[in-house]
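K.L.:
First residue of the sequence shown? That's 1 in the UniProt record's numbering, and the numbers climb one at a time after it. C-beta: ideal position from N, C-alpha, C; glycine also. Got a structure here, written out as structure tokens. Questions coming.
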Amino acid sequence: MTLSSPDAAKPPMPDNAPPSSSLVTPAGPISVWIGGACQPNPGCGAWAAVTRDPDGDVTELSGHHIQTTNNRMELYAAIRALEALSQLSDVTVHSDSEYVSTGARLWLRKWKACRWRNAKGKAVLNRDLWQRLSFAIDQHIVTWCHAPRGEHDPMGERVSRLVFKGVRRADAIRRQRSYLLQDEVEF
1 MTLSSPDAAK PPMPDNAPPS SSLVTPAGPI SVWIGGACQP NPGCGAWAAV
51 TRDPDGDVTE LSGHHIQTTN NRMELYAAIR ALEALSQLSD VTVHSDSEYV
101 STGARLWLRK WKACRWRNAK GKAVLNRDLW QRLSFAIDQH IVTWCHAPRG
151 EHDPMGERVS RLVFKGVRRA DAIRRQRSYL LQDEVEF
């Protein structure tokens with residue numbers, strides 16, 4: 001699997017260029033497991049993705065946020081995993097989040113067609129991340145697989161460990177910031 005650095009510049013495409021999927025034979029298949037969580041929700045959160053390329057090489061991606069929601073972390077995991085792929089790829093994304101897997105498979109097209117309104121006519125929650133995910137999906141051939149946690153899945157368990165490690169890290173940072181702010185007030 002070829003991962004791009006966050007700073008890697010992509011060459012501009014001419015206005016009349018065909019979609020990237022018609023320019024390159026996809027690399028793949030690549031399997032991706034994603035996860036996200038908050039403690040509490042909303043609160044300190046983290047996301048993680050584990051990718052496995054056709055050669056069996058595994059890459060871990062993860063991060064945390066001080067104030068977020070579990071749905072935002074799940075979306076962010078999918079975004080970061082797809083954005084990390086530097087070329088058109090045939091990707092299967094495994095997620096325990098029905099929100100993300102169903103959203104990407106069924107709702108995304110409808111939301112875009114309805115100008116980012118849901119079936120009730122209300123603004124789509126987390127639109128900023130759904131739009132970013134939509135763009136990332138368009139760069140690849142993506143299959144979504146809803147895989148509830150609890151089934152024996154070593155890669156899913158690996159993602160869960162990374163996520164909960166990130167949640168603990170975010171909480172520690174939040175506590176440290178709170179302590180430092182409290183300390184400044186006392187002086």
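1) Applying the criterion that 16 or more other CB atoms from any shown protein chain within 10 Å of the CB defines a buried residue, is Cys-38 buried or exposed?
2) Alpha carbon to alpha carbon, how far is Cys-114 from Gln-176?
3) Reducing DSSP to helix, strand and coil, say where Asp-138 ends up.
4) Measuring only the C-alpha atoms, how far is residue 188 from Arg-72?
5) Can you tell me whether Asn-70 is buried or exposed? The criterion is at least 16 other CB atoms within 10 Å of its CB, across all chains shown.
6) With DSSP as the reference, label Leu-129 as helix, strand or coil.
7) Please return the same chain residues whose Cβ sits closer than 8 Å to the Cβ of Asn-41, not counting the five positions on each side in sequence.
8) Quick one: grab the DSSP three-state call for Thr-69.
9) Identify the continuous alpha helix (DSSP H) that holds Ala-46 and give its terminal residues.
10) Check whether the Cβ atoms of Leu-162 and Ala-48 lie closer than 8 Å to each other.
11) Can we say the region 83 to 91 touches the region 134 to 151, given the rule of at least three CB pairs closer than 8 Å?
P.N.:
To lay it out plainly:
1) Sequence index remark: in the sequence shown, residue 38 carries index 38 (1-based). That one is buried.
2) Counted from its first residue, the sequence shown places residue 114 at position 114. Counted from its first residue, the sequence shown places residue 176 at position 176. Each residue's CA atom was taken as its position, placing Cys-114 and Gln-176 some 44 Å apart.
3) Counted from its first residue, the sequence shown places residue 138 at position 138. Helix.
4) Residue 188 is absent from the model: the chain starts at 1 and stops at 187.
5) Within the sequence shown, numbered from 1, the residue matching residue 70 stands at position 70. By the 10 Å Cβ count, Asn-70 comes out buried.
6) Residue 129 sits at position 129 when you count from the first residue of the sequence shown. In the structure shown, Leu-129 sits in a helix (DSSP, three-state: H, G or I).
7) Working through the sequence shown from its first residue, we reach residue 41 at position 41. Within the same chain, Asn-41 has close Cβ partners Thr-69 and Asn-70.
8) Indexing the sequence shown from 1 puts residue 69 at position 69. If DSSP states are grouped into helix, strand and coil, Thr-69 belongs with coil.
9) Position 46 of the sequence shown, counted from the start, is the residue given in the question as residue 46. Note, Ala-46: premise wrong, no alpha helix (DSSP H); beta strand (DSSP E) at 43 to 52.
10) Residue mapping note: residue 162 aligns to position 162 of the sequence shown, counting from 1. Residue mapping note: residue 48 aligns to position 48 of the sequence shown, counting from 1. Yes, they are a contact pair.
11) yes
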